[in-house]
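Chains as they are written, first to last, in our numbering: chain R, 6 to 702; chain F, 32 to 561. Here is the structure we will look at, set down as structure tokens.
Dropping the structure here:
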């Protein structure tokens with residue numbers, strides 16, 4: 006019996022009369038569709054947002070300078086999210102709450118909150134990962150010049166993400182989307198005395214804004230075509246395969262929305278902001294690269310999944326080929342960049358971009374569950390890796406791996422948790438990444454076999470990506486923890502407040518994958534399914550492991566680990582000695598990030614900021630304004646001529662105007678020497694002449 | 032309150048400020064404190080009355096004129112002009128906004144007097160402006176509208192000319208050397224007068240033409256709109272009249288390429304002058320399009336809609352580029368107005384209910400946000416004694432609260448969702464995807480939508496550029512040791528309402544849409560049928 010069909014009930018719109026009667030027929034087991042638990046779930050996004058405001062105003066005088074408020078608010082989300090997560094796993098929850106805030110024309114604007122599998126997973130992730138990161142951050146940020154401000158921005162960041170994932174409509178999605186953007190701007194630019202950090206924040210904001218322009222247009226096309234901002238109204242049209250405005254513009258709507266997703270999820274070629282975002286404090290990276298922000302794009306593809314999977318062939322199916330290609334390019338190309346970085350956090354940053362490529366490729370292959378599963382597991386082990394990296398940076402006062410080495414003995418807990426994160430990321434059985442990455446590769450293979458030809462190519466990139474992942478992670482571990490210590494500070498294990506969250510995440514890095522083991526237990530598949538029609542839409546769940554793939558990837562990963570160990574395991578004095586296999590042509594290409602940032606700088610940013618902007622301003626002052634001033638000057642001359650020839654008429658008007666103007670204007674009259682009155686007189690004559698013409702005609 | 036029913040309450044809202052101005056002028060110049068209090072009390076009572084108006088307003092009948100004087104209230108019988116004023120859902124938000132801005136401006140001036148001082152005259156001008164602005168929003172007679180429309184001209188002219196920037200400006204191309212305030216005030220006055228001359232011409236033409244259909248000549252906006260809905264003003268006559276109105280309103284908005292008075296006026300004006308100019312005066316133009324041009328000349332409006340839309344989008348892109356090249360903070364904000372008003376005009380040009388709703392919320396949002404920006408820019412240049420963004424830096428260090436407020440205002444201005452500015456921009460773009468089919472240029476408008484979206488990116492670009500230079504980094508050596516006072520009490524009092532309203536309208540756009548939506552739907556239905 007299909008477990009899905011039993012668990013996933015219908016979307017029931019509690020606040021809407023009537024509901025969707027037709028679909029109600031599909032409902033088999035309703036699960037939880039009402040009650041205080043789901044009706045009060047709007048608190049999940051609201052509590053951290055309120056906390057952010059309270060911290061700004063009252064943070065400094067509150068206990069722990071605002072940290073406690075932030076911690077309690079994210080703790081609330083964690084508890085609420087966990088309760089929902091468990092109940093969803095056991096009984097299934099589908100609920101959608103709406104509050105109408107305005108009508109504009111025929112459109113309705115609403116705030117609302119979704120409580121379904123997809124949203125609940127995100128509540129759980131943001132809450133639990135957020136709680137651990139917030140706990141860690143108290144110690145990490147201790148003594149920071151803007152401690153309170155940091156936790157206000159951090160709460161805003163989490164709150165914005167929760168607004169996004171709670172959203173039942175595209176307007177609220179955009180609101181959360183940009184709140185996350187502005188919070189990340191504040192956090193990346195946290196040390197804004199240094200303008201390089203501000204530039205990094207600006208890059209992040211601007212790249213996201215470019216993508217957001219795509220999202221705006223995509224949402225507009227979709228909403229206007231359907232006549233509603235609600236995701237469920239869009240999905241209804243898709244499910245019923247109705248031809249109409251949406252099917253007419255489906256390709257553009259789908260593509261533009263994907264561009265929005267590319268920005269947030271840092272897909273090639275809009276990935277450049279994410280490594281720059283390292284300028285912020287490390288806890289920010291831990292949250293940004295795991296549960297919050299970068300997951301938004303993948304989440305959105307998941308939310309609109311029926312549109313992209315497109316069973317009737319009328320909608321966004323064609324876009325999926327673009328999605329899988331972008332994902333494939335990203336996971337492959339960004340892997341190389343991680344190999345050449347010397348900055349610890351940047352290795353992890355490019356690793357994130359690469360892993361996001363896997364998720365996006367999965368979505369492009371029509372593998373809803375696989376994409377979200379990797380999002381789920383990755384959130385834990387990437388947060389862990391960043392927290393452990395932060396622990397190292399905290400100890401050695403440097404981001405650069407040149408200053409590290411030999412930390413295995415000095416920071417044993419950090420070492421072991423980091424290794425667990427690495428094993429999860431690389432995909433070693435039985436760590437989390439093994440299951441999720443395997444499911445993605447299996448799904449891509451399945452997609453290739455089911456007729457999506459490009460997927461066959463992406464499968465190769467995916468396996469190559471696994472090789473790269475193993476390689477750069479082994480390099481990282483070897484350079485950081487093995488060999489001799491080369492730094493100057495005296496490293497020691499981090500305080501408990503930092504270590505415990507790492508241990509907590511390490512637990513998830515080990516176990517998070519066990520919720521979806523083909524042929525053994527596939528609970529996750531049902532947990533994230535939001536509504537019944539999804540099941541029939543090509544989302545592939547294999548009944549058992551794809552053993553061939555498992556064998557191939559495991560062999561590839563093992564080989565890669567061995568090669569990397571041979572290259573980097575031996576201690577050397579300098580980094581360049583270790584990177585002795587540098588390939589002449591490629592190494593600079595990777596270190597310069599394929600020259601993409603400098604291309605943007607030279608081809609777009611500088612021309613706009615420099616010549617184009619200056620040309621417009623020059624045109625404004627020397628052409629348009631010159632015409633204006635010329636006409637003005639000409640009128641004065643002309644008015645004098647008219648006055649000379651037609652004293653009487655002009656004088657009458659002139660005097661009338663002057664009287665009106667002059668009554669209150671003695672102060673200025675001298676200064677402007679009557680010029681205004683002359684202009685005015687001329688205008689009035691003009692009017693009179695044309696009035697006469699009008700009356701005649 | 033019964034006396035709201037027959038137009039007395041509304042008349043009071045319109046004329047109380049000018050009575051206040053008379054009282055202020057009658058007071059001895061030396062009694063500055065008393066003058067301030069009198070001006071503030073008159074403004075506050077006006078605001079209180081307009082809030083009562085908004086509370087008493089029947090939102091279920093937002094498309095009807097309420098609290099008005101009878102349509103046949105005699106005024107100048109010789110030309111059949113009537114004293115007909117009333118509010119509907121379209122004008123109500125603007126009336127309240129005008130009253131609010133007047134109060135805030137007076138509070139702000141409490142301890143921020145531009146030279147050459149003279150609070151008596153300045154406050155009298157502010158109060159006269161209030162009457163002119165409110166009157167324009169409630170007038171339902173073309174002559175009355177015109178009078179109010181022009182009443183604002185002189186006080187603003189003097190405000191810029193007397194209290195404006197005294198630095199010397201060398202006018203490009205012509206090489207004239209003039210004091211900034213004189214050049215700017217002159218340009219403002221003449222440019223606007225030039226536009227309104229054509230507008231007046233249009234009004235007069237309508238007046239004479241109406242006799243053919245009514246049997247008598249009428250200046251009544253209501254009667255002329257009825258005629259317009261019946262489609263009588265067409266052909267060459269309609270086109271010429273529309274062009275006249277277009278010139279009058281477009282200069283005021285200002286639409287590209289009639290915008291060049293704006294950066295000069297804003298830069299030269301004293302802080303409160305810039306605030307009033309940005310927050311209210313620019314809206315007289317857009318309001319005129321919605322209240323007069325579209326209902327009376329719907330066919331011409333449709334015919335010219337693509338043209339207006341194109342100019343609007345040029346304004347958006349052009350304004351953004353001009354901002355990116357600025358070093359003067361006030362000038363940057365001034366050019367940003369060209370861009371923002373471009374979104375408002377794009378909304379109007381779609382000739383749809385969504386687009387016009389977007390335009391109105393865009394007008395309110397721009398009033399709140401750009402008003403706040405000009406307040407802050409004024410206060411900052413008052414402290415730094417320069418508006419040059421290359422010299423200012425590290426405001427977040429010197430004046431953290433001021434820096435945060437500037438950041439908030441800049442974010443609001445770039446259209447951050449959940450703040451007021453978002454709705455106008457987004458809904459204008461949305462309307463451009465689906466413009467009025469009677470225009471017959473849907474593809475063109477979709478192209479405009481794409482350029483408008485690019486405009487939102489550029490807007491973010493120059494706002495971040497401003498924040499980078501002004502807010503962030505370390506204070507320059509020039510100001511490193513100068514102690515600067517952070518936001519003071521008067522500033523808090525004047526700015527907090529703007530901040531709160533920006534948030535409130537952003538989170539609950541229904542505050543505006545509930546008033547406007549029915550009124551706009553009925554306006555569009557009446558003008559364009561169905």
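Glycine is no exception: its CB is placed at the ideal position from the N, C-alpha and C atoms.
Cβ atoms of residue 472 (chain R) and residue 561 (chain R) come within 8 Å of each other, at about 5 Å. Scanning the stretch 505–541 of chain F from its first residue to its last, the whole alpha helix (DSSP H) runs of 4-plus residues come out as 508–511, 520–538. In this structure the stretch 193–203 of chain R touches the stretch 270–288 of chain R; the number of beta carbon pairs closer than 8 Å is three or more. Burial is judged here by how many other beta carbons sit within 10 angstroms of a residue's own beta carbon; residue 563 (chain R) has fewer than 16 and is exposed. Cβ contact annotation for residue 532 (chain R) (same chain, cutoff 8 Å, sequence separation greater than five): 90, 93, 94, 122, 125, 126, 520, in chain order. Nearest CB-CB separation between residue 471 (chain F) and chain R: not below the 8 Å threshold. Under the Cβ distance rule, residue 344 (chain F) does not count among the residues neighbouring chain R, no pair being separated by less than 8 Å. Here residue 328 (chain R) has 263, 306, 313, 365, 366, 368, 369 as same chain residues with Cβ atoms under 8 Å from its own Cβ, once five neighbours each way along the sequence are excluded. For residue 164 (chain R), no beta strand (DSSP E) encloses it; the enclosing alpha helix (DSSP H) starts and ends at 152–171.
The Cβ-Cβ distance between residue 110 (chain R) and residue 552 (chain F) falls below 8 Å. When only Cα atoms are considered, residue 375 (chain F) and residue 85 (chain R) end up about 43 Å apart.
Residue 118 (chain R) is outside the set of residues whose beta carbon lies under 8 Å from a beta carbon in chain F.
Among the residues facing chain R, residue 211 (chain F) is not included, as its CB has no counterpart in that chain under 8 Å away. Note: residue 113 (chain F) is bridge-paired with F:105 in the DSSP secondary-structure output.
Residue-level contact check: residue 384 (chain F) touches chain R, since one or more beta carbons of chain R fall below 8 Å from its beta carbon. DSSP places residue 207 (chain F) outside both helix and strand once states are collapsed to three, so it counts as coil. Within the stretch 194–212 of chain R, 194, 197, 198, 199, 200, 202, 203, 204, 206, 207, 210, 211 place their CB atoms closer than 9 Å to a CB of chain F, listed in sequence order. Taking a Cβ-Cβ threshold of 7 Å, the residues of chain F close to residue 625 (chain R) are 291, 353, in chain order. Per DSSP, residue 100 (chain R) is one residue of the beta strand (DSSP E) stretching across 100–109. A direct Cα-Cα distance of roughly 17 Å separates residue 78 (chain R) from residue 66 (chain R). Spanning the alpha carbons of residue 498 (chain R) and residue 199 (chain R) requires a straight line of approximately 29 Å. Under the 8 Å criterion on CB atoms, residue 552 (chain F) is classed as interfacial with respect to chain R. Within the same chain, 69, 72, 76, 502 come within 8 Å of residue 143 (chain R) by CB-CB distance, once the 5 residues on both sides are set aside. A Cβ-Cβ contact shorter than 8 Å links residue 47 (chain R) with residue 118 (chain R).
Pairwise C-beta distances place the stretch 379–399 of chain F out of contact with the stretch 284–298 of chain F, as fewer than three of them are shorter than 8 Å.
Out of R:567, R:469, R:139, the CA that lies nearest to the CA of residue 482 (chain R) is found in R:567.
Spatial neighbours of residue 415 (chain R) in its own chain (CB-CB distance under 6 Å, excluding positions within 5 residues in sequence) are listed in chain order as 496. When CB distances to chain R are screened at a threshold of 7 Å, the residues of the stretch 495–529 of chain F falling below it are 495, 499, 503, 504, 505, in chain order. Contact with chain F is absent for residue 93 (chain R), since none of that chain's Cβ atoms lies less than 8 Å from the residue's Cβ. For a Cβ distance threshold of 7 Å, residue set 107, 108, 109 of chain R lies close to residue 544 (chain F), ordered along the chain. In the assembly as shown, residue 239 (chain F) is an exposed residue. Its beta-carbon has fewer than 16 other beta-carbons within 10 Å.
Within chain R, the C-beta atoms nearer than 8 Å to that of residue 485 (chain F) come from 218, in chain order. Straight-line measurement puts the Cα of residue 109 (chain F) at about 34 Å from the Cα of residue 335 (chain F).
Sequence-distant Cβ neighbours of residue 280 (chain F) in its own chain, meaning closer than 6 Å and more than five residues away, are 316, 319, 320.
Residues of chain F whose Cβ lies closer than 9 Å to the Cβ of residue 642 (chain R) do not exist; the shortest such Cβ separation is about 13 Å.
Under the three-state reduction of DSSP output, residue 615 (chain R) falls in the helix class.
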